[in-house]
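In what follows, a structure is listed as structure tokens, so that the remarks can point back to it.
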Amino acid sequence: MEQRLALPERVLMQIEKPARYIGNEVNMVRKNLSEVDVRIAMCFPDVYEIGMSYLGIQILYDMFNRREDVYCERVYSPWPDLDAIMRKEHIPLFSLETQTAISEFDWLAITIQYEMCYTNILQVIDLAGIPLLAKDRTKEHPIVIGGGPCTVNPEPMADFFDIFYIGEGETSYDALLDLYKQYKHSDMSREDFLRRASSIPGIYVPSMYEVSYQEDGTIEKVVPKYEDVPAKVKRQVVVDFENVSYPMKPVVPYIRATQDRVCLEIMRGCIRGCRFCQAGMIYRPTRPKDVNVLKHYAEAMLDNTGQEEITFSSLSSSDYQSLPELTDCLIEKMDNNHVNISLPSLRIDAFSLDVMQKIQDIKKNSLTFAPEAGTQRLRDVINKGLTKENILNGSLQAFLGGWNKVKLYFMMGLPTETYDDITGIADLSEEISELYFANIPKEKRDGRVMVSASASYFVPKPFTPFQWAPMITPEEFQKRAYFVKDKFREAKNHKSLKFAYHEADITILEGLLARGDRKLCQVIYDVYQSGQIFDAWTEYFDKSNWDNALEKNHIDIGFYTYRDRSVDEILPWDLIDIGVTRKFMEKEWERAQAEVVTPNCRMQCSGCGAAKFG
């Protein structure tokens, strides 16, 4: 059937990449609206190309649309050029599938992937014509529900959401949908629906809790308003990972997405236990998928999309024990079809290099290592489980295998870091370049060797052993970055070395929002009202809007970012139970300060608490 577009042609002609807004892509789900009871607008609050690359939304889109009574459609943040036109001409935000105004949907479900998307979330709610504050909504308005990694501390966004879904989406949504249908077709009030929803596992309704503060600004207590509202919300985890639904027909974008390829989730969770890594803590326990299931998935997805590249999704692909079998099978199948395999997040060891050797025979791209810290002492503090020997040996094997570009990822501002540790960033990079000159004869050198190091500004995240740690100030980060840059310039092989570092201004705000509480809702509201969206994009980020809003609301950024927290302080996210116990986090924080390494989960169980999921 012919579909009417929400944007008139003259508007589409005025904007960049109109294909972002017209829908109709290959594998887009179509349903008869008269047969559907619940309509969900699934939103990724960033531009189309980024949102279309996100596996989480593809999984939920597929899962919701398997229900006959539900139609799940997609919506993304309009780019600033269209945003301006929509406001000026009062065009409401619409879905891609049916081009329907979002205000006509039952739910607006928003993925909260990254702290710097918070102003974009307000943009989406606002352009949809829904009141920004949850307390101002009535039964006429869609239920605004948030999910995704940032919901482990949803407090800075608490005023804007009716519900947060805590955990993996494949578990509790059916119960919530069934309750919603009851609410929709009865005279149950919005308040009653939310109160009843709060007793479904994993459902956090912020309006059902009261937060009180002590004089020093820390939290005194968080209490449910009613007796039938749970004191803690348990994060939902998929136990039967083998049989969980997976999108065999992912939607294929019209324009090039950031990750323009088929994505195969091979494993959830990670065995490593790095102390800075939130994903490694919240996605426990480790759940690998059966290799034969994956072979079938890969074939079906490539057939259904016509994509020419496949990538594996997991936190540490080398820890997937059937990786060689999977890649061998795919290489054999793909060779005739010219399909490329790309591998993210590998640990550089003989096993991984062997796999990469097979895959990248044709085109040797750069290899990526993440030592994270410049010295062994600091790698022990963060529990990286990677020795200098591993790094040097891996680099040497790579050079002998024909690679001549190595990328190294580091963090600066880690707990207990000293100038010796950051000098180690330059020293290690120099040592890797020397390995190349010492072991690769001149006649075998294909172009110049390049060792590129980059340093990001460390942010302590909730539900990691570093959640109590202070951040260094942006000025100190800048000072350390210049110091390392000078060390690179002084190096003997400086022409083969490169050093880059991240923007400090955006990262410090990420730190503020990651560990913030409900007092930040008003700050985010004021920043949005000043016209700020797309904070994650350097060209649209304006620090002064944040500075003004913080000052107006008498918020001291240092209180959230630079201060030491004591382990008995009540943290804003303490009302969420992720499965890993607080006692384990405290013990790991002590071990970090004592520079003691905790073995990975395959070597021995450290009793983190996630084993209770089975």
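In case it helps, this note's numbering puts the sequence shown at residues -15 to 598. Glycine included, each C-beta is placed from N, C-alpha and C at the ideal position.
Check	Outcome
Proximity of ALA533 and ASP552 at Cβ, strictly below 8 Å	no
TYR45 - containing beta strand (DSSP E), residue span	It is not in any beta strand (DSSP E) - TYR45 instead sits in the alpha helix (DSSP H) that spans 39 to 49.
Opposing strand residues paired with GLN220 [DSSP bridges]	GLY151
Alpha helix (DSSP H) segments (min. 4 residues) lying fully within the region -2 to 32	none
Cutoff 6 Å; reference MET47; Cβ partners in own chain excluding five residues on either side	SER229
Simplified DSSP state of MET569, which is helix, strand or coil	helix
At least three beta-carbon pairs within less than 8 Å, the region 52 to 67 to the region 7 to 27	yes
Beta-carbon gap between MET396 and ALA439 smaller than 8 Å	yes
Distance between TYR544 and GLY35 (C-alpha atoms, nearest Å)	29 Å
For THR400 and GLN262, believed in contact at Cβ under 8 Å, the rounded distance	Actually they do not touch by this definition, with Cβ atoms about 19 Å apart.
Whole-angstrom distance between THR352 and PHE597, CA atom to CA atom	33 Å
Classification of ARG252 by the beta-carbon crowding that lies within 10 angstroms, buried from 16 upward	buried
Among SER528, PRO126, VAL236 and PHE28, nearest to ILE114 - alpha-carbon criterion	PRO126
ILE94, enclosing beta strand (DSSP E) - first and last residue	91 to 95
Three-state secondary structure (DSSP) of PHE597	helix
Contact check, THR289 vs ASN49, beta carbons under 8 Å	no
The region 232 to 249 / the region 358 to 368 touching (three or more Cβ pairs under 8 Å)	no
Simplified DSSP assignment, three categories, for VAL246	strand
LEU481 in three-state terms, based on DSSP	strand
Rounded straight-line distance, which links the Cα of GLN198 to that of GLN97	31 Å
Closest residue to PRO269 among CYS254, PHE145, ILE(-1) and ASN227 (Cα-Cα distance)	CYS254
Range covered by the alpha helix (DSSP H) that runs through ALA263	262 to 266
Bridge partner(s) assigned by DSSP for LEU351	VAL390
Nonlocal neighbours in the same chain, by C-beta distance under 8 Å from SER550, ignoring five residues either side	TRP452
Through-space distance from LEU497 to ILE187, alpha-carbon basis	21 Å
Contact under 8 Å by Cβ, LEU(-9) with ILE129	no
Residue nearest to VAL580 in terms of C-alpha spacing, selected from LYS571, ARG586, TYR512 and ASP30	LYS571
Which of helix, strand or coil DSSP assigns to MET251	strand
Contact the region 467 to 487 vs the region 104 to 111: 3+ CB pairs below 8 Å	no
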